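In what follows, a structure is listed as structure tokens, so that the remarks can point back to it.
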Amino acid sequence: MKAAVIVFPASNCDRDVATVLKQVAGAPPRMIWHGDSEIPPGTDLIVLPGGFSYGDYLRCGAMAAQSPVMRAVVAAARAGTAVLGICNGFQILTESGLLPGVLMRNASLKFICRDVTLRVEQTDTPFTNRYGNGGVVTFPVAHHDGNYYADEDTLDRLEGEGLVAFRYSDGAGEVTPEANPNGSRRNVAGILDPGRRILGLMPHPERLADPALGGSDGRAMFEGLLAAVG
Amino acid sequence: MKARITITLKPGVLDPQGKAIEGALAGLGFGGIEGVRQGKYIEIEIDESDPERARSRVDDMCRRLLANTVIEDYAFEIEGADVPGSTGDADPDVAVQMGEGE
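Protein chains in written order, with the numbering used here: chain Z, 1 to 230; chain G, 1001 to 1102.
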């Protein structure tokens, strides 16, 4: 698997995800600076990592979405390259128009940094093929703006087309208001594009991908990608 | 010319920051507040003498970067437009309102 991790000014999870990718794929990913305008040919997976790109100026992800590298990312995504956006990466995907909706300020107004449980809603994707449908995984969240918002029609379409990949749930997989950490509509934690080659999610699979870190539920996402994209 | 741009959340979009401000104002003893919505205000100096062109450029800026039209509306006025044929009277402002459902 040839992976590329995009590095923006104030990305701060780029090295975490690079560590996991190297462990799983056996080779380190290419690190691509935001000012570059090309993705290396043959790239199988592009990761937009977590962080606070451009200081979250204007809106989270708004500046990064206009950076030179994002034109190349959009072109690669349209050509079928798998794209994984984690946390700030999810915000950048929505600001770029690759995924619908927007991530707003958490309903509590607080920065939330803790482990959450998620129900896996779709397993027929390159990102989730190692998980059981309806299974529950534990990933950490660390965000101030993770409150997923889209209008009712968009939410209905996402659900109708099976494009909600993860929902905040309790440990038994029940999707409840209490299990929703940030006010996201319909407990949405991660969504797919219609081609199921782009995933954006607020929780961080790369931060619980090694038993030494207290859990390894996240590792299966990268193992699934390796199996799916080569 | 100067553009004065106001960006607000669309009606119906929950504004937790506005709610927090509302609560803080109530805590200070300000009664009778029926709602608070928080937005953004941006000023842009533009090298442009034609108000129509200025308006078109600012509208493009709002759509492509300044506002996220999934959740936000924008409105702006253009100030300092030299209107052809005018003789030094105060320049009329050019105001544009963007509503929902574009």
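Idealized CB from N, CA, C, for every residue including glycine.
Quick caveat: nothing in here was measured; it's all calculated off a predicted structure.
{"Query": "Neighbourhood of Ala1067/G by C-beta distance below 6 Å, restricted to the same chain and skipping five residues each side", "Result": "Ile1007 and Tyr1074"}
{"Query": "N- and C-terminal bounds of the beta strand (DSSP E) containing Thr19/Z", "Result": "Counting along the chain, Thr19/Z falls outside any beta strand (DSSP E), though it belongs to the alpha helix (DSSP H) covering Asp14 to Ala25."}
{"Query": "Terminal residues of the beta strand (DSSP E) in which Arg1004/G lies", "Result": "Lys1002 to Leu1009"}
{"Query": "Secondary structure of Gly1085/G, DSSP reduced to three states", "Result": "A caution first: Gly1085/G carries a pLDDT of 42, below 50, which makes its placement in the model too unreliable to give a value."}
{"Query": "Residues sharing a beta bridge with Met104/Z, DSSP", "Result": "Asn147/Z"}
{"Query": "Inter-residue spacing [alpha-carbon to alpha-carbon] between Lys1040/G and Gly162/Z", "Result": "35 Å"}
{"Query": "Beta-carbon proximity check, Gly85/Z vs Gly218/Z, cutoff 8 Å", "Result": "no"}
{"Query": "is_contact[Ala64/Z, chain G] using C-beta, thresh 8 Å", "Result": "no"}
{"Query": "Interface flag, Val17/Z vs chain G, CB-CB below 8 Å", "Result": "no"}
{"Query": "Near-chain G residues of the region 96-116 of chain Z (beta-carbon distance less than 8 Å), N- to C-terminal order", "Result": "Pro100, Gly101, Val102, Met104, Arg105, Asn106, Ala107, Ser108 and Leu109"}
{"Query": "Reduced DSSP category for Leu48/Z - H, G, I as helix; E, B as strand; rest coil", "Result": "strand"}
{"Query": "Closer than 9 Å at the beta carbon, the chain G residues around Tyr149/Z", "Result": "Val1013, Leu1014, Val1070 and Ile1071"}
{"Query": "Boundaries (first-last residue) of the beta strand (DSSP E) holding Asp1073/G", "Result": "Glu1072 to Glu1079"}
{"Query": "Any 3 or more C-beta pairs closer than 8 Å across the region 109-117 of chain Z and the region 142-157 of chain Z", "Result": "yes"}
{"Query": "Runs of beta strand (DSSP E) lying entirely within the region 65-95 of chain Z, each at least 3 residues, in chain order", "Result": "82-86"}
{"Query": "Proximity of Asp44/Z and Ala82/Z at Cβ, strictly below 8 Å", "Result": "yes"}
{"Query": "Nearest candidate by alpha-carbon position, reference Ser169/Z, set Leu158/Z, Val229/Z and Leu118/Z", "Result": "Leu118/Z"}
{"Query": "Reduced DSSP category for Cys113/Z - H, G, I as helix; E, B as strand; rest coil", "Result": "strand"}
{"Query": "Collapsed DSSP secondary structure at Thr176/Z in the structure displayed", "Result": "coil"}
{"Query": "Per-residue contacts from Phe1065/G into chain Z (C-beta, under 8 Å)", "Result": "The sequence shown places Leu at residue 1065/G, rather than the Phe named in the question. Chain Z residues near Leu1065/G: Leu58, Ala62 and Gln66."}
{"Query": "Three-state secondary structure assigned by DSSP to Tyr54/Z", "Result": "helix"}
{"Query": "According to DSSP, residues forming a beta bridge with Lys1040/G", "Result": "Ile1007/G"}
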